[in-house]
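For reference, the structure discussed in these notes is given below.
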Amino acid sequence: MFIAGTVATAEHCGAVTRIVGGLLRGHEMHNEADILAPADSGGVPREAAVRLAAVGDLHFGREPDGAVAPWPEQLADEADLLVIAGDLTENGDPKEAEVAARELQALPIPKVAVLGNHDYHSGQERAVAERLEEVGVRVLEGDSVVVPVGGVRVGIAGVKGFGGGFLGACGNAFGEPEMKAFISHTKSTARRLEEALESLDRKVEVKVALLHYAPVPGTLLGERPEIYPFLGSYLLAEPLDRLGVDLVLHGHAHAGVEKAMTPGGIPVRNVARPVIRSAYRLYAVGWKPGKSQARDGTRRGAHPRRAISRGPARPR
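Position 2 of the sequence shown, counted from 1, bears residue number 3 in this note's numbering, the numbering being contiguous throughout.
Right, here's the structure in full:
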């Protein structure tokens, strides 16, 4: 049996497991979500963890759907910041961005987002981003932001990304101009991601990469393999492993799965709303002063630990 619900801390999770386990004796209990910690941390005390609420693919239309209305009070209790992995609108219409802005404005914590392919559809992506920025949503595209959380500096590097495929089944910048342009654009987004990550070097304790397109094929399982080249690219993962981050978040793949890793072992999470099937997913990213730096001065990716909490369940 799978029990889904709102569990904000490890202690609450243990209590829920004991209570429900007592009612359903003989059933194995699982509580789903993530605490991500440096491999040598030996556990993550609350004061040494940053709580991120993450979601993608909200697809706001021209009329409010009430999806965000229940969030404000709960978010303030559960999360330190909200990150949105693209596709805030259905068609990139500024009127849809106005709806998204009104819905997100009331959320009481810092908000960081990247745009997705839907947000570009009408060719008015700049207007979409500007409206979101007006209500306090920091929209990233090849740049970064540092968000103070208590005494911890959280660095978020963001880029929409693009397609192209993955090793063994990917496109090359060869042949027709259109094919060259396709792959060249992906390479350009990967370079901008790398520059955004470099801008955070040594400035932060926790480093997060926020994308719309997938950097690895692992979170695409469930999608048709024929469309993988349009869902992401391995080129986006290369700067992640080269420079190191603690957590990678993306959306876009509605029929994919939540969890995978880069080739270098960094946790990747697909937070598209059809995948997480909840208002948002909570991630507690642990850190230890002096322990999150690799010996060569670059940051290590955090390794996933036992799942002990999850975001609020919400009807699909």
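Positions of the beta carbon are idealized from the N, C-alpha and C atoms, including for glycine.
In the structure shown, residue 144 falls within a strand segment according to DSSP collapsed to helix, strand and coil. In this chain, residue 258 is not harboured by any beta strand (DSSP E), its DSSP state being neither H nor E.
A contact is defined here as three or more CB-CB pairs under 8 Å, and the stretch 91-98 meets this definition with respect to the stretch 118-132.
CA-to-CA, the gap between residue 282 and residue 199 works out to about 27 Å.
Residue 235 is a Cβ neighbour of residue 167, given a cutoff of 8 Å. Judged by their CB atoms, residue 63 and residue 97 are nearer to each other than the 8 Å cut-off. Counting only runs of 4+ residues, the alpha helix (DSSP H) found wholly inside the stretch 224-284 occupies 238-244, 274-277, in chain order. Taking all protein chains in view, the Cβ of residue 206 is crowded by 16 or more other Cβ atoms within 10 Å, so the residue is classified as buried.
Cβ neighbours of residue 117 within its own chain (closer than 6 Å, five residues either side excluded): 87, 88, 213. When DSSP states are grouped into helix, strand and coil, residue 205 belongs to the coil group. Following the DSSP letters along the chain, one finds residue 103 in no beta strand (DSSP E) but inside the alpha helix (DSSP H) bounded by residues 95-106. Runs of the alpha helix (DSSP H) spanning 4 or more residues and lying entirely within the stretch 158-218 occur at 178-200, in chain order. By DSSP's assignment, residue 86 forms a beta bridge with 115. Counting along the chain, the unbroken alpha helix (DSSP H) around residue 133 starts and ends at 126-135. Here residue 208 is buried: its Cβ has 16 or more other Cβ atoms, across all protein chains shown, within 10 Å. For residue 52, the enclosing beta strand (DSSP E) starts and ends at 50-56. Taking the Cα positions, residue 153 is about 23 Å away from residue 266. The beta carbon of residue 218 sits closer than 7 Å to the beta carbons of 167, 229 from its chain, once the five residues preceding and following it are set aside; these are given in chain order. The straight-line gap separating the alpha-carbon atoms of residue 79 and residue 58 is approximately 21 Å.
Linking residue 260 to residue 115 through their CA atoms gives a straight-line distance of about 20 Å.
Here residue 222 is actually not in contact with residue 276; their C-beta atoms are around 11 Å apart, not less than 8 Å. Linking residue 280 to residue 175 through their CA atoms gives a straight-line distance of about 42 Å. For residue 239, same chain residues with a beta-carbon under 7 Å away, outside a window of 5 residues either side, are 191 in chain order.
With fewer than 16 neighbouring CB atoms inside 10 Å of its own CB, residue 77 falls in the exposed class.
Annotated as proximal: residue 99 and residue 132, with beta-carbon spacing under 8 Å.
Going by C-alpha positions, residue 135 is about 43 Å away from residue 169.
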